[in-house]
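Quick note: the sequence shown uses this note's numbering, first residue 2, plus one each step. In what follows, a structure is listed as structure tokens, so that the remarks can point back to it.
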Amino acid sequence: MDLASEMRYGRMCSLVLNICPVPLRRKIEHFHKAQGMTDFENFLGRNKNPLFHLRFRKCCCMAKKTTITPMNKAQWDAMYCKLQVACQNQPCGECPCFYSPRQGITYDVMDVTLCYMVLHNFFAGGSLLSNDDRKNMETIRLTRNQLCHASSACLDEQSFNSFWTNVTTATLDLAQSISQEAFDEANDKIKKLKSRMMDPSELIVLRQTMLDQGTVGEIK
Numbered sequence: 002m003d004l005a006s007e008m009r010y011g012r013m014c015s016l017v018l019n020i021c022p023v024p025l026r027r028k029i030e031h032f033h034k035a036q037g038m039t040d041f042e043n044f045l046g047r048n049k050n051p052l053f054h055l056r057f058r059k060c061c062c063m064a065k066k067t068t069i070t071p072m073n074k075a076q077w078d079a080m081y082c083k084l085q086v087a088c089q090n091q092p093c094g095e096c097p098c099f100y101s102p103r104q105g106i107t108y109d110v111m112d113v114t115l116c117y118m119v120l121h122n123f124f125a126g127g128s129l130l131s132n133d134d135r136k137n138m139e140t141i142r143l144t145r146n147q148l149c150h151a152s153s154a155c156l157d158e159q160s161f162n163s164f165w166t167n168v169t170t171a172t173l174d175l176a177q178s179i180s181q182e183a184f185d186e187a188n189d190k191i192k193k194l195k196s197r198m199m200d201p202s203e204l205i206v207l208r209q210t211m212l213d214q215g216t217v218g219e220i221k
């Protein structure tokens with residue numbers, strides 16, 4: 002394993018972790034506001050029950066348990082805090098009644114996996130997401146999973162070039178569908194990431210972040 006291959010892996014991780022989520026967050030914000038929700042906290046309040054069942058494999062006072070729980074504890078805890086309150090309907094031990102959105106929460110808490118889950122579960126139907134949106138989201142999803150489950154923190158030049166082209170194209174397409182300003186912002190960040198030097202300590206942090214996400218399992 003050489004420094005150049007580690008640097009290539011680190012660049013891809015930084016791209017997926019720090020740049021790809023931005024247009025996805027902007028998509029979610031746009032859809033929320035189009036549906037009359039004022040901010041992310043408002044969305045979390047209105048959709049607490051379905052989001053609860055993306056995290057907990059439990060029955061609650063409003064729904065039967067689910068077998069699909071793609072959300073991890075850190076993602077849930079970033080959005081909701083637990084309250085010392087009684088269930089509003091019937092005692093069930095653990096349900097959405099016990100949780101409230103964190104005050105003043107912003108879209109910035111959403112990593113790429115959480116963005117994908119929200120878009121996939123709440124806005125995939127109808128015409129909100131175009132076929133190109135879905136294709137671009139899938140490109141980011143698949144690349145994220147490959148990086149998470151890589152056997153080592155390195156990429157050869159051919160693999161890097163393929164990943165980089167596919168993911169930057171997908172990210173810029175998503176940004177362009179929002180606004181020219183969003184495209185220019187994403188393009189500027191991508192250019193800076195491609196050319197800047199990365200400290201070895203930064204590479205270690207990026208690798209560990211990817212490993213931590215990988216233990217959650219692939220985004221479905």
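Idealized CB from N, CA, C, for every residue including glycine.
Assigned exposure category for Q254 - 16 Cβ within 10 Å defines buried: Residue 254 is absent from the structure shown; the chain starts at 2 and stops at 221.
Between the CA atoms of F44 and L52 - distance to the nearest angstrom: When rounded, the distance between both Cα atoms is 10 angstroms.
Distance CB(T172)-CB(C14) smaller than 8 angstroms: The beta carbons of T172 and C14 sit no closer together than 8 angstroms.
I205, buried or exposed, once every other Cβ within 10 Å from all chains shown has been counted against 16: Exposed is the call here.
Burial state of E7 (16 or more Cβ within 10 Å): With 16 or more neighbouring CB atoms inside 10 Å of its own CB, E7 falls in the buried class.
Burial state of Q76 (16 or more Cβ within 10 Å): Only buried fits Q76, as 16 or more other CB atoms lie within 10 angstroms of its CB.
Local Cβ density within 10 Å of H33, reported as buried at 16 or more and exposed below that: Buried: at least 16 other Cβ atoms inside 10 Å.
Reference S178; option with closest CA among S131, Y10 and D157: Minimum Cα distance to S178 is reached at S131.
Local conformation of P22 per DSSP, three classes: Reduced to three states, the DSSP call for P22 is helix.
Closest Cα partner of E138 within the set N167, M211 and Q159: The sequence given here places Met at residue 138; Glu does not occur at that position. Nearest of N167, M211 and Q159 to M138, Cα basis: N167.
Residue burial classification, D134 (beta-carbon count within 10 angstroms, cutoff 16): With 16 or more other CB atoms across the displayed protein chains lying within 10 angstroms of its CB, D134 is buried.
Anticipated Cβ contact below 8 angstroms, R47 with M38, distance rounded: The C-beta distance from R47 to M38 rounds to 7 angstroms, short enough to fall under 8 angstroms.
Residues sharing a beta bridge with C82, DSSP: DSSP lists S101 as partners of C82.
Proximity below 8 angstroms, CB of G11 to CB of E158: Their beta carbons are not under 8 angstroms apart, which means G11 does not touch E158 by this criterion.
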